[in-house]
Structures are given as C-alpha cells and as structure tokens.
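Chemist: Protein chains in written order, with my numbering: chain A, 1 to 325; chain B, 1001 to 1319; chain C, 2001 to 2500; chain D, 3001 to 3422.
From the three backbone atoms N, C-alpha and C, an ideal C-beta is built for every residue, glycine too.
If you're wondering where the values come from, they're calculated on a predicted model, not measured in any experiment.
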Amino acid sequence: MRKKKININTIMPFLILGGMLIIFGIATHGQVFVKQNLLNLFNQSAATIIAGLGMIFVASMGGTDITHGSLLAVAAAFSAMAGQAFGAGGMFPTAILVGALSGLFLGVLNAKFKVPSFMASLSMLIALRAFVNWLLSARVIMVPQSIKFIDGFSFKLPALIVLIIIIGYIFKYTPFGTYLRAIGENENAIKYAGINVDKIKIVAFMISGIMAAIAGIFTIVRMGGSNNTLGNGFEMKVMMAMFIGGIPVQGGMGTKLYKLIVGAPTIILLENGMVLCGAGGGVTQGVRGVVLLAAVYLTMVIYSKFNGTGGSKSGAISKLLKECT
Amino acid sequence: MGVKMRKLKKQMILLGCIGAIFVISNMAVDGRLLTWNNMKIIITHAIFPSFVSWGMMFIFTSGLIDLSIGANILLSANIGAICAMDLGMGYFGLIGMTLISAVILEQLSVNCSVNLKIPSWISGLGMALIFEAILTFYSTIRSKTEGSSNITLVNYREMGSMPYMAIIWIIGFAAAYIIFNRSTLGLNIRAIGGNEGVAKAMGINMKKTMLSGAVVGALFIGMAAIIQESYAGKLASTSGLGSLSTIFKSLATVLLAQSFERVVSMPVGIIFSAVFVTSLFNVLTLIGVPSGTGQEMCLGAIVILCGIISHWRYKGVVK
Amino acid sequence: MAEEILKTENLSKSFGATKANKNINITIHSGSVFGLAGENGSGKSTLASIICGIQKRDGGIIYKDGNEYNPANLIEANRLHVSMVVQELGVVGSLPPAINMFLGRTDEFTTGGIVNLNKMEEAANKQLKKWDLGSIPMDCMTEELSIEQRKILELARALSTDPDFLVLDEISQALSHDRREILYRFIKRFTKEGKTILMVTHDLDEMMEICDTIAVLRDGEMIETKPTSEFTINELKRKMIGREISGEYYRSDWKEEYQEEVILEVENLTVPDQLKDISFQLHKGEILGVCGLSDAGIHSLGRALFGMSERRTGKVCVKTTKALLNKPKDVIKAGGAYLSKDRDLDGLMLDASLGSNLAVPSVSDLSGRLGFLNPREVKNLAEEIKDSFEIKATGIEHIVKSLSGGNRQKVNLSRWLVKDLKFIILDCPTRGVDIGVKAYIYNILKKAKKEGIGILLISDELSETIGMSDRIMIMRDRRIAGILSRNTDFTEDKIIEVML
Amino acid sequence: MKNFSKLFSILLVLTMTVLMLSGCSGKKASEDAQTRDDAETTAAPAGNQSEESTDSDGASGNTSGTYKIGYNYFGSGSYALLSLANNSKVAIDAFGNEAVGMDDEFSVEKIVQDIENMISSGADGLIIWLPAESLYLTVADICKQAEVPFVLNDKIPSDESIIKELKANPYFVGAVSPANSVYGEAIAQYALSQNLKTCIISSSGVGDASDTPRLEAFTKAFTEGGGEILAELHADAADAAQGQLEDTLVANPDPDFIYGVGSDFGIAAVSALENAGNTRAVVLTSGLDKQALSLLGNSPMKMVNGDFWICGMLSAVVLQNYLDGTPLKDANGGPVWVDNVMPFEVPADKYDLYTRFFLDEYCYSNDEIKQMSGKYNPDFNYDAFIKLIQDQDYSLDKRLIQKYKESKVTADELKAVGIDVD
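1. For E185/A, go through chain C and note every residue whose CB falls closer than 7 Å to its CB, in chain order.
2. Determine whether the beta carbon atoms of A1201/B and I1192/B lie at a separation below 8 Å.
3. Using three-state DSSP, classify S2135/C as helix, strand or coil.
4. To the nearest whole angstrom, what separates the beta carbons of Q1228/B and L1235/B, a pair I think is in contact under 8 Å?
5. Taking beta-carbon pairs under 7 Å, can you tell me which members of the stretch 2325-2342 of chain C lie near chain A?
6. Alpha helix (DSSP H) containing T3248/D: first to last residue?
7. What residues in the stretch 3304-3325 of chain D have a beta carbon less than 7 Å from any beta carbon of chain A?
8. Please report the residue range of the beta strand (DSSP E) in which D3093/D lies.
9. Pull up the distance between the alpha-carbon of E185/A and that of D2351/C, whole angstroms please.
10. Run through chain B and tell me which residues come within less than 7 Å of D2107/C, C-beta to C-beta.
11. Given this structure, state the Cα-to-Cα distance separating M1027/B from M1039/B, to the nearest angstrom.
12. Excluding the 5 residues flanking P248/A on each side, which residues of the same chain have their C-beta closer than 6 Å to its C-beta?
13. Note down the Cα distance separating V2167/C from I2223/C, rounded to an integer number of angstroms.
14. Could you check what DSSP says for Y3071/D in three-state terms: helix, strand or coil?
15. For the stretch 38-101 of chain A, list the alpha helix (DSSP H) runs that are entirely contained and at least 4 residues long, ordered along the chain.
16. What residues from the stretch 1232-1258 of chain B come within 8 Å of chain A, judged by C-beta to C-beta, listed N to C?
17. Going by C-alpha to C-alpha distance, which of A295/A, F92/A, T174/A, Q31/A sits closest to I150/A?
18. Where are the alpha helix (DSSP H) runs, 4 residues long or more, that stay fully inside the stretch 2154-2179 of chain C, in chain order?
19. Report the three-state DSSP secondary structure of C2317/C (helix, strand or coil).
20. Quick one: list the residues of chain D neighbouring Q36/A, beta-carbon separation under 9 Å, in chain order.
21. Nearest-angstrom Cα distance between E329/A and K2119/C?
22. Cα separation between K1007/B and N2025/C?
23. Beta-carbon of P3131/D versus every beta-carbon of chain A: anything under 8 Å?
24. Tell me which residue opens and which closes the alpha helix (DSSP H) that M3303/D is part of.
25. What three-state label does DSSP hand C3199/D in the structure shown?
26. Taking DSSP's pairing of strands, which residues face W3337/D in a bridge?
27. Using beta-carbon positions only, say whether G3266/D and L3084/D come within less than 8 Å of one another.
28. State yes or no: is the beta carbon of N196/A nearer than 8 Å to at least one beta carbon in chain B?
29. So within the stretch 2372-2449 of chain C, which uninterrupted alpha helix (DSSP H) runs reach at least 4 residues, ignoring any that extend past its ends?
30. Run through chain B and tell me which residues come within less than 8 Å of I2114/C, C-beta to C-beta.
31. What residue range does the alpha helix (DSSP H) around M2141/C cover?
32. Between the alpha carbons of S2042/C and M1012/B, how many angstroms are there, rounded?
33. Please compile the residues from chain A whose C-beta is within a distance smaller than 8 Å of the C-beta of D3105/D.
34. If I measure Cβ to Cβ from F2280/C and keep anything under 8 Å in the same chain, skipping five residues before and after, which residues do I get?
35. Evaluate T1328/B with the Cβ neighbour count: other Cβ atoms within 10 Å of its Cβ, from every protein chain shown; 16 or more gives buried, anything less gives exposed.
36. Assuming T2196/C contacts D2169/C (C-beta within less than 8 Å), just tell me the rounded distance between them.
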C-alpha cells in the first residue's frame, strides 16, 4: 500500500509531462519534437529551473520567496554594468553578491525579526522593482559580446547540470538539507533538537537569492542586455513550475528536486505547444491556468487516494497569516 | 481587567503613533497634508483598498489565500460596466451584475480549493490566469471594433464620486465589522482559521462556512470593483498575472491590519492601514518623491517596518 | 443502586482492518463515576467518542435513560445531555474564551443576527461560578490563557451544554496537582447532583481514588467491569495489559545511589518571572526528580537549562569541561538532550515518516566530509533504533501521526538515547503514555542510569518522581523549596508538605 | 462536491477541445512548414537582389499560396499596443494570410520565447515589436539562424552600430516606426502656442518603450520653449494614475495643463481635474482612443494626436512585399527604414467622421491594402511606399477625401469640417 503510493506520487510529474508531450505531439504533428524546438524548450526552461533550484530551499521550509522577478532584474542590471566595466569576469561575482545580499536581508527579516516571509518578500518584490526602475529607467545596458558564449547550448547544458548536481547534493545529501525539510515539517522539533534554525533559514534565503541572480545572468545574456521590465512575473512562473511538479505548498519532506526539474519544462512546453498549435494571445494563458489546476488536482487525487488526506488549505500561507496575529 | 487595560493602552499607543506621524509629516509638507480637501482625497483613495481588504479578510481568515481576487475585480468590473453601458441595464447592471459575477468568480476559485483539495493559492493563480485570459479576449476584440481596449463607464459614476463613496465606505465598514465580530458566520470563520479541529468538533460545517465566507468576501470585492470602475471609469485588462499588482496595495493593507490584530480587530485595523498606506503615497507625492520609483520603495520599506514592529519579540513559528 | 443512565449492547466499531471496539456491553448508573481503563489503542477513547457522537458506531445499540440513543454528532449528543472533554482537542486561540465556550451555539445569543458578547460572557462566568472551577479572564484572546486555564475552559464548555452524562478523556494529565484537586471537587459535586461521569485516564491511582466502577478494555474487548473496591491496582494493571508487569515497575531499591562525578552544575540560574536563583548539581548516573505545583516553574526549569528561555542569567556548565551551556546547541555539543513536555508540538514531525523523525538528532554526526550524508546510513540507523526500542510500526516509512501516544514517546526518547549522552532533561516523559510503554520507559531510564547518564526527571506525577528518583528537587514559586533524598523517607505527604 | 467536480471536468473537456481545435491549425502550420522552404528559396534571393528585377520573382512568390505570419504585442490592456497589433492583423488578413498573434504578457523574456515558438510553428515571416534596445540583435540572430524574414514594427533601435548590423542581416526586411518624438514636440508646440506654461505629466510605468521618447522630446521642446514641468508621474494603470494626479493637484494646485502621455492617462487626467474641481487646466494627450476623442470639446480635453498606429499595417505591407518577391528597397538596395511616420490630429468636429471611417470601417479597405503589394500592383514600389508615408496618406483628412472619391461621404459633410474637395 505505502510503497505503491510512493511510486504513484513519484511518477506523477513525469506522467503529466509525458501526457502533455503526447497531446502536443499529435496536435502539432510532431513539430514539438523538431530538434530546433527541443532546443528552444531547453533554452526557455533553463532560467526557470535555475531560479527554482534556489526557491526550493525556501519552499521546503514552508516559507515563501517571491522576490525572484525583481531580484533577477536588479542582479541582471548590476552584472551587466560589471560586465561593461570589468568584462565577463565581473558579472558572476557581482550577481552573486547582489543575490546574496538580498537573500541575507530577507532571511534576517524572516528569521530574526519574525516577519512572515510572504509579507517580507512581497514588499521586497515591489521595492526592488521600483529600485531597478530608478536605476535604469528607459536605459538599456548591453552585455559584452565576449560573454555571449554563456548562452550557447554547449556551455548552458553543462552549467545547468553542474548547478543541479551541486544544489541536489546540498539539498539531499547534507544535514543542512535535512534540517530544511524538517523545518518545513515542524520548526519546533528542530529547535528542540538544538539546531540553530535562524542560521539555516538565513542561509536558505541567501541561496534562493543567489540562484535568482544567476538566473538573471543567463537571462540577460539571452536578451543581449538588461532593461527595467526584465523578469516581470518571473517568480510566479517559477512557482507554477514547482506546483505543477507536485512540490507541496507547505514544504516538508515531500519537497523533491526532480519535481521542479520536471515541472519547469512542463509549464514551458505548455506555452510552446500552444503556440505551435497556432493558438495565440489569451488562449495559451487560459489553457495554462486550466492545466495548472488539472495537474495539481490529479496529483492531489492520487495522493488522497492512497493517503486519505489531501491538504485543502495552503499550508504555508494560511499558517503564516495566523502567525501574523 | 488587566488584560483589557493593556489592550486599551496598546490601542492608545497605536493611535498616538499614527497621529504623531500625521502631524510630523504635515509639518514636513508645510501644512498641505491636513487640509480638508487633501483629507478628502486621501479618504477617496483609501476606500477601494479598504473594500478589497475586507473582502480578503473574509476569505483569507478561513485559510483560503486567493490570489485571483485581482483578476476577479478587473473581470467583474468590466462585466458590470458592459451591462450598464452596452446592454443599457443602468445601475442595476452596474451594481447587480458586478456583484453577481464577483460572487460567481470567487466561488469558482474557492470551490477549486475547498472541493478539489487544491491548495488555495495554486487554485487562485490558476483562476487568475483564466480570468485574465477571458478579459484579454474581450479587450482584443473590443479594441478592433470599438476603438478602445476596455469599456469606459461614462454615465452612472456617482458611486465613484465623493459624498456617496464615503457613505458606502461607512456602510461597508459597519457591515464588515458586524459580520466579522458579531455574527455566527464571522465567528465560525475565525474559529476555522484559529483551530480547524475544534471548529469541526463544535459542529461547524467547514465547507459551508468557508464557501459562505467567500460569498460575503466576494460581495465586498464586488463593491470594490464597482467603486473603482465608477471612480476611474475604466479598468484595463492585463495578462501574465499583471492583475496581481491591482491588489498589492490591498494585500499590504491586509497584512498590516493582520499584524495589528492583537491591538485592534481586523475590520478596524483595515481602515487604519488603508488610510495609512494611501496617505503615505499622498505625503510622498506632496514631498515630491517620484512615483514609480521612490514611492514604491517607501511602500516596501514601510510594510517591512510594520512587519518588524508587529512581530517584535514574538515567540513562535513564523513561516 | 440508582437507575441506569446509559447502556450499550454489542457496541462495535472498526477502522479498516483493526477492530477498535468488539461487542462492548456496559451499564452505567446515574450519580456514579465510571472509569474506563486500558492501554493506548485499547479502544477506550473510541468508545467514549462513539458515545458522544463524534464517531459513528458500526453495530450495536446504545440506550440513554432507557430509550435508544444515536447521536449524529457531538452537538446532537449535547442536546441529549451528553457531553465530553475531548483529549488534546484544545480551543481556538484567536477567539475570546466566552466565544470558545459557546462555539457552534453562538446563535443562542444572537438577536437579529447579531451576537451579544456581553450576554455570552455573563453566561460563561455563570458557568464557571456554578461549578466553582475558578475564574478565567474573559476580556482577552484565549491564547493568552495558560494551558491549564484552557483545559478548565474546555471543561466549562462541555458543562455549558448542561449534560447529565459527562465524558472526561485524559483531562487530568494536563492539570497540575492543585488544579486536579479542583477537578476532583467538581466531580464530587457533579455526581452528588445525580449526574454521571465517564472517566478515561492513564493515571491508575487517580482512577482507583475517584471511580466507583472500573471497566477494563483490552484490544477493543471488554475484559472486566466491577466496583473499584473489588480491584487492586496490580490486578487492574494485569487486566489492562493481560500479563504481570515484567519485573518491577518503578525502582525497587530505596537508597540514593550515583557516582560522585558531577556532570551538570547550575548556579543561581534566574529567568525573569519564571525562575529565581536556582542552584543544583546533577551527578553521573543520577536520576534527579523535579516536582512542584503548576506555577512552581518546573517546566520553565527544563527550558531554561536547555537555553531556550530569553534573558537568562546565572551559570549552567559541564563540571568536567567547564563548558558553558548558553544555547541549545551548546547543550547538544556537551552530550545533553532535552525532551519538552509537549511531545507532538516540540518533538516530533507528525506528518513525516518514522525514519526521518528518528534520524534528525543524528544526521550531523552521520555526515562525513563536505557534510556528505549517506542515505543508506541514515536508513540503517533508523531501522536499528526502531528494532532495538521495539517501536511498533509497519516500517520506517510509517507516518508518525498514526502511531500510538506511547510509541510516539518511544520515538522521541530513543532517537536521543542512541547518541552517547552525558545527561538528559526529561519533561513529563510518560505523559499520556500507557502502562506498557510507561514500564518500558522506566526500564530504559534505569538502564541509562546504570550507563552513568545523568537524568533530570521533571514530572507532574508524584508517584513517578518518587518511584524513580535518587533525589527529588521540589520547587515552590519559582525557587527550590527543598531537596529530599531517597534514603530518607520518600513519602507523598512529605513532598506535598514541602510543595505548599 | 459532485456538481463541482462535474463543472471542473467540463473545464478539462474545454481544454482538450481547445487543444484539438488548435491541433487542426497545427496541421496548417506543418503544411506551411513544407511550403515555407520554397517560399524562401524564392523570397530569400529576391531579398538580395536590387530593386529592378521584381515582377519576375513576383510570379514565383505567387505560386506558394498563403503565408503564416506571426506578430507579437507586449501585453493586453493598453489600447495602443492592441491597435498596433490589430493593424498588422488587418493587413495580414487583407493579403489572405494566416496571422498568429502573441501576447508577451509584459515580459521581455517572453518576447524572445514567443518569437522562437512562432518560428518553430513554421511562420514564414515575423512582424516584431521590441521594447528594449538590447533585444534587436538577439532577435535578428534568431531569425537569421532560422532563415525567417522579419520587419520591425513601431519600435526601432537608435544605436548606430545596432542599425548597421541589422541592415547587414539578409533576413531583415525593413523597419517602420512613428516619429515618437514628434508626438511630444507637437504637444509642446501646441501648448506653447496656446501660451500654456506649466504642466503636469502623467505617463505609464518608468521606462515604458513608447512613452519615454515622447516624454523626453516633450520635456526638451517644452522647457526650451520656456515652459515649466511641475511634476512627472508614472503609474502602471490608468486608475492608479488618476489617484496620483489628484495627490499631485494638491501639491501643485494650478497647472496650465496636464499632458497625458498615452490616451488612458489623458482620460484619467480629465476625471482627476473634475474631482479636484479644477476648471482652468486643460488636458493634452497622444493616442487616438475613441474615449479620449469623445471627450474633445465638452471637457478639459483640448487636443488628441496620433497616427492611428498605422505602422502596424505599414510594416505588414513591407513584409508582404518581400514574401511576394517584390521587396521594397531603398536607392542603394538596402531594406526599408522609416522612422518618421507623422501623427495627425483629430479635432472635435471631425470626431464622428473619424469613428465612421477609422473605427466602424478600417481606414484602408482590403483592396486598397492589396494594392500596396508589388504582386497585385506593379506600380507599387519603394518610392510609392515612401511617398505614401510622406504625404501622410493615412491621415484623417487624406482618407476622407479618398472616401469622398469613393462617394462614401458627401462634399457637404466634408465642408462642414472644413475640408474643401473641389
């Protein structure tokens, strides 16, 4: 019984992705599988995955970090400046620094000052966007041609794989990762096990910020430069990738990395497939909404089928709103 | 009794702080803040967020975090306007249809969560995408045929103009307060939010309560939509979850109110927060802080600040 | 004998494969206190909740006052004058006490759809006064009340439905010694009015003391029902677990013995309005019991020692290494551990698997270079703990939530004992645990004592502290009131005398 | 629960149907994928030839049936963006092609994503709208690699090096953009001529692609002309803008006029002035929004100008000519580069005629548009195209005269608005 449930839950994201591939494969008469298009799919989902690799740390604690959209823009802007000043070499350190700082700030707010992460990161989202508006206004900062190679498949794929491996290692094979998920289950249990929860939280937020910043670099290199509308609504895209992959909203032990890595292409494929089907404008968005619901619903149904319980409430947020009182 | 005194003291402090802030900033803008005319403007701007926040209050408290509210407002407002103008249904169309569609849309998204066990804010996101898509269809067509992307409410705009707005506001507050603090529904919603187990055991019908809570919330949201439509004459459609930005201010308001719930009860807190947030923007404008950049940064800072203050020396788990 | 108030015939209930109740037949007479004894999972809570309509029965009939009785839910049961204080249900923290008391029945106080709070508060106070349960502040949020006040509030809530048949499920374990007295007084008055109480408790002494009749359940079957006077406590225990408790239950010896080496040294430990100037030493292989009245601060002591309480002054250190213990992680580093009173809230990850729960304290030890954590090692460790401590679960994938209270406590305790500890601070380790596990835990403690681990045993149950400790540290209003030795006569009266 | 599950399953079915429907169009797409190749083999070389040899290739372009043409718009909601897109669509339809519109959801990443996807979906040509300087070369490369011809619509780069590289790109067919700056200048001139000295600017989000150039041009011209800008406001949505304006009117109670960059903000300004009880200040705005126009005369709204986003159509024409094998080439064989599509003004009295001929029916009829392809009209070439723009043939007056020739409007009606046709 129990074993079975694990299996179903494990393969669910793959089922959804596979189903989607089949549907679009038929609908577009195989156009989806054209080499160029597969490459597009990869290019388009790369940034989402990278940012997700960070966000999952916060999500597994049951926290929320929706700064990604704006943070990406800020990091991109600064790293582009650095790129112009010191060449390609300057970009990554700058971006990472920016990401880390933002993450540190958020983490301290959440861990030390007990500001609910949703509240804090929402404010940051607004503030950082305003900041980048002020910083760039209509200005565009081009990235040096020398850095363009980053956008090449031959660099991006290995880079992505390395990142996944590193993050996967930290997330799954270190005490730190275990504590994260444990915090998602019951923060007190970890406190009473004599573990410095605050430190872990802060680090998690920092990693989240850093990954968002790195995603920022991959984005501007793709865009050719940074401008102030960069990364609009990016955070929601990343979240959808996690949700459609079946990562529990309230975090905890059910948070698995592969779910994100499968979820991101699923969302992208959905947009890509619809366009290939010749559906434009609002249609894609509407369908995206329905499929998101359908996917999560299916996961839930399967889950409750084998477990009897399905969380009808959004764990993290409802909890945090209660904490607000 | 001691508890009551402590609470009273807290309330006094809060009021004092707000008052002080107002006086100080009034000096900062050499007296242009606390003029009758300016206060009128601030109130005018505070009314929309207040209603949205009251709506959120009834939905969020029972644990349903619905992010489709923004899209809901845009869509139902446009539907109402169409009924009022194009279909010539006048005020009935504006008020009736907006409220009805607001309720229906809200029920859709809440049902997804309550009945289909989809975590509420995923269902919220999904529904937001769908609502926006519908509105996008409409405005794409309209911009072809009508020479304008979204319908403009030309007549029937009294509800967006001052005396009426304030009256509606006061009525809305009374309703929100009574329902939230003094009605079985409100108490049950709060019970569910506070401790599901107890609520169940005490024979409270969870599903029914949550859904009817959503209905009440939707009515407030609908009112908000009407007011904003009448006030601005036009609510433009968005895509890509742009609708979220419509409720950022209100979200901030609700979070603020929530942080001070230990001092004043939510409905009152919302009024304070709404006025506070709107006057913040007003003051910044008076000082000459540029909009689109400086002002939003300040908003972010202020919300965080309030978050810190309200959770000062707070024990317990915060996600 | 008074007339029958409640009678069940072949009552049965099963959850999936497991039969929680098999053909239960009980007859309860009005004006009596009827005790339900049994281990965790013996089906007493199930029986109680069926009677109160919280759960549906599969078969059988219940008669109340002679006519058939089949409540759909607790509310309907209330209407039929049956009420219950449900174990670990609690209250809504974010609502005022009065509303909590009448939750779900707020319509009774509405006029024109508007709830009249004052009326409600009056009613609430009347209720408390009526049974003199002590007063509870009404003009605050319930979360501001103490745990005991909340439990009393729950009792009042149950009483507010004006029951003539009241079920108390594990109410006393949340209450300290003096509040229990209030409870017992109430029970006497209640029954004197010809009303009836069905009592479910793990505290057998309590049961022997206040129940008129005791029914023993085991694995969902009714083993025996007879007047308390005809039971001896040992017979009762035997009936409950179906076997003689192996060896001694508490310690058999009556002398204070431990090694000279001091492990933990505490000097004028003080926490504002929690602890005043506490100084003591914990020796190697000593069990130091701590007891006191509800507000004596025994639980704060545990938290303070573990470094959880803020603005703590004074010195807590490991004698040998002189290492100061200011933060929880210092304690852990020094080979200490702390089990808080509230197992589920502060200890376990209820929705997580047994394995991950068992592993948590040890992962940092298991991790190698680059903090590498081998999943296999973790798994093995979990398996090992599970087997060596006989935790009853299908496997380490078993979700902890679905374990019995006893097993949960085993999980909570065992995962620490596998580390090589120097001392451990236990706060009510046997709270809500059945005899079997209780005995098991006591054996573990004895074993730990032999291995030279210093144990600080904080407990609400006098018998437990008396039974296990070498020395008992008695606290009164946040100070140490005295330390008794096991050598000198270790009697309940003497301790209580120091307590008050 | 039950009934809702039903409802939900209905929603699911709906998705599936949408997918299946789009499946059919997917079929078309794949057909086009095959046809595309020969379309290019004919078109691409044509692109590289100079302007003489057109007609011959025109025939060969003819054989390859209809084209699938993709166009993108930044996001829904703004009338300006949508009209631009619609104008492209009108032209594409007029030539009997299949049009695919992409909503970029206000995110630059999604623009690139959409372009890639449109290419994968087998588009034969792209009409591209880009908000940021950085994107041009990126997009140009994508199209070059995919060998898909593209035109730039409404927005063009200002950086010389970028322009040079673009023009070198064999698949870059041309660029048509309005003299955005002229909008601002026109408003500034008008204001100064009316002796309006102080103003408040209300515009969309900071750094918005279409508003910024207007804003800068206006600021420059106005301040140089001795005007004073009291405040510059930025808001994402019109309703927010109204609030800002009201706040600002407290800080600056008595401006001479408010410049609503973009019609929505003009409208917001009007209601803001009403609420503030300010009857003195006037409102000037850019963008031929019906609502804005309807306010002309009977409100503070004094002037509305715009080019009806005609670039959307013109750029489509450029692309069509390329695909038809009759590419428009400048004197030295380079691609079309138009950055001076002038705005025209719609005064209050011409409002009705405007709605009648620009909204109720499109300013150019399908046949007229067809005539803008060398394939259907051998006389149509680069010079004709440029002439059309320079003469502002698309402007209200010119169109009205044309409509008169088609006797859709009487001379008297035109006289009434001061146009003499004789």
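Modeler: On the basis of the coordinates in this document:
1. Numbered from 1 along the first sequence, position 185 holds the residue referred to as residue 185/A. Residues of chain C passing the Cβ test: M2349, D2351, A2352.
2. By one-based count along the second sequence, residue 1201/B stands at place 201. By one-based count along the second sequence, residue 1192/B stands at place 192. Taking 8 Å as the Cβ cut-off, A1201/B and I1192/B do not qualify as a contacting pair.
3. One-based indexing of the third sequence puts residue 2135/C at position 135. S2135/C falls in the coil class under three-state DSSP.
4. By 1-based counting over the second sequence, the position of residue 1228/B is 228. By 1-based counting over the second sequence, the position of residue 1235/B is 235. Indeed they touch by this definition, with Cβ atoms about 6 Å apart.
5. P2328, K2329, V2331, I2332, Y2338, S2340
6. Numbered from 1 along the fourth sequence, position 248 holds the residue referred to as residue 3248/D. Taken as a continuous stretch (DSSP letters only), the alpha helix (DSSP H) holding T3248/D covers 3238-3251.
7. none
8. To locate residue 3093/D, count along the fourth sequence from 1; it is residue 93. Not the beta strand (DSSP E): D3093/D falls in the alpha helix (DSSP H), residues 3079-3094.
9. Position 185 of the first sequence, counting from 1, holds the residue named residue 185/A. Position 351 of the third sequence, counting from 1, holds the residue named residue 2351/C. If you take the alpha carbons of E185/A and D2351/C, they lie about 7 Å apart.
10. By one-based count along the third sequence, residue 2107/C stands at place 107. Ordered by position in chain B, the residues that pass the 7 Å Cβ test against D2107/C are T1184.
11. The sequence position of residue 1027/B within the second sequence is 27, counting from 1. The sequence position of residue 1039/B within the second sequence is 39, counting from 1. The straight-line gap from Cα to Cα measures roughly 15 Å.
12. Stepping through the first sequence from its first residue, residue 248/A is reached at position 248. So the list reads G254, once near-sequence residues are dropped.
13. The residue given as residue 2167/C occupies position 167 in the third sequence. The residue given as residue 2223/C occupies position 223 in the third sequence. Going by the C-alpha atoms only, they are around 20 Å apart.
14. Position 71 of the fourth sequence, counting from 1, holds the residue named residue 3071/D. In this structure, Y3071/D counts as strand in the three-state DSSP scheme.
15. 68-86
16. S1239, G1240, L1241, G1242, L1244, F1248, L1251, A1252, L1255, Q1258
17. Position 150 of the first sequence, counted from the start, is the residue given in the question as residue 150/A. For the residues A295/A, F92/A, T174/A, Q31/A, the minimum Cα distance to I150/A belongs to F92/A.
18. none
19. For the purposes of this step, residue 2317/C is identified with residue 317 of the third sequence, where counting begins at 1. Looking at C2317/C - three-state DSSP - the assignment turns out to be strand.
20. For this step, residue 36/A is matched to residue 36 along the first sequence. What Q36/A touches in chain D: E3116, I3119, S3120, Q3145, A3146.
21. Nothing can be reported for residue 329/A: it is not among the residues displayed for chain A, which extend from 1 to 325.
22. What you label residue 1007/B is simply residue 7 of the second sequence in a count that begins at 1. What you label residue 2025/C is simply residue 25 of the third sequence in a count that begins at 1. So the alpha carbons of these two residues sit roughly 53 Å apart.
23. Here residue 3131/D corresponds to residue number 131 of the fourth sequence, with the count starting at 1. Chain A, which has a Cβ nearer than 8 Å to the Cβ of P3131/D, makes this yes.
24. In the fourth sequence, counting from the first residue as 1, residue 3303/D sits at position 303. Unbroken run through M3303/D is the beta strand (DSSP E), 3301-3306; no alpha helix (DSSP H).
25. For the purposes of this step, residue 3199/D is identified with residue 199 of the fourth sequence, where counting begins at 1. Correct three-state label for C3199/D: strand.
26. The residue you call residue 3337/D lines up with position 337 of the fourth sequence. Answer is A3175/D, bridged to W3337/D.
27. Against the fourth sequence, residue 3266/D aligns to sequence position 266. Against the fourth sequence, residue 3084/D aligns to sequence position 84. Their beta carbons are not under 8 Å apart, which means G3266/D does not touch L3084/D by this criterion.
28. Within the first sequence, numbered from 1, the residue matching residue 196/A stands at position 196. N196/A does not count as touching chain B.
29. 2375-2388, 2405-2417
30. Position 114 of the third sequence, counted from the start, is the residue given in the question as residue 2114/C. By Cβ distance, chain B contributes I1178, R1182, S1183.
31. Your numbering for residue 2141/C matches position 141 in the third sequence. Note, M2141/C: premise wrong, no alpha helix (DSSP H); not H, not E.
32. Sequence index remark: in the third sequence, residue 2042/C carries index 42 (1-based). Sequence index remark: in the second sequence, residue 1012/B carries index 12 (1-based). Taking the straight line from one Cα to the other gives about 55 Å.
33. As a first step, residue 3105/D must be located in the fourth sequence, where it is residue number 105. Contrary to the premise, residue 3105/D reads as Glu rather than Asp in this sequence. Result: N232, G233, Q285.
34. Residue numbering aside, residue 2280/C sits at position 280 when the third sequence is read from its first letter. Hits under 8 Å: V2266, L2288, M2473, I2480, I2483.
35. The structure shown has nothing for residue 1328/B, since chain B only spans 1001 to 1319.
36. Here residue 2196/C refers to the residue found at position 196 of the third sequence. Here residue 2169/C refers to the residue found at position 169 of the third sequence. Actually they are not in contact, since the Cβ atoms of T2196/C and D2169/C sit about 15 Å apart, beyond 8 Å.
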